[in-house]
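To convert, note that position 101 of the sequence shown is 1114 in our numbering; the numbers rise steadily by one, no gaps.
So the structure is just underneath, and the comments pick up after that.
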Amino acid sequence: MNITFRTAGIFGALFGLGATALAAIGSHALAPSLDADDLRRFGLAVALMFVHALALVAIAALARSTIAGLLLTLSSLSMVLGVLLFCGSLLGRALFGWPTALAPFGGFALMLGWLMLGVWVAGARR
């Protein structure tokens, strides 16, 4: 397994940890202080972070058992970037009132990551 997939696995684990911690903080400490829109943004960011954490860990596991190739590498990098931009943007808005200008780029990166993963799976030889 090369460094790219080790990194994907590490980011997946960190995103999983972060999503779990944020869910606990959000439900106990932040829910009373956030308005409905910010609470929705916060919940969406946490849910997407967790789903993509699992996807990144799965990509890292796939890379251990097969020749990964460029598509799988780009898929993992795209998902890491997408979580950072999309979830980070929504969390920044919910918690600090920051603009969500980077969210569309992050959403596109997430979709692109899933597309590349699907194309890689469809063409995988085993």
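Don't be surprised by glycine CBs; every beta carbon is placed ideally from N, CA and C.
The structure displayed is predicted, hence computed values, not measured ones.
I1072 places its beta carbon less than 7 Å from that of A1021. By the criterion of a C-beta distance shorter than 7 Å, L1084 is surrounded in its chain by M1129, V1132 and W1133, once the five residues flanking it on both sides are discounted.
Per the Cβ contact rule, the stretch 1043–1051 is not in contact with the stretch 1084–1098 (fewer than 3 Cβ pairs under 8 Å). In the three-state reduction of the DSSP assignment, G1031 falls in the helix class. Comparing alpha-carbon positions, the option among M1062, A1026 and L1104 lying closest to R1054 turns out to be L1104. Of the candidates R1106, T1113, F1018 and L1087, R1106 places its Cα closest to the Cα of L1052. Taking S1088 as reference, the option from T1033, G1031 and M1124 with the minimal CA-CA separation is M1124. In summary, F1109 is exposed, with fewer than 16 beta-carbon neighbours lying within 10 Å of its beta-carbon over all protein chains present.
Taking 4 residues as the minimum length, the alpha helix (DSSP H) runs contained wholly in the stretch 1051–1111 are 1082–1095 and 1101–1109, in order along the chain.
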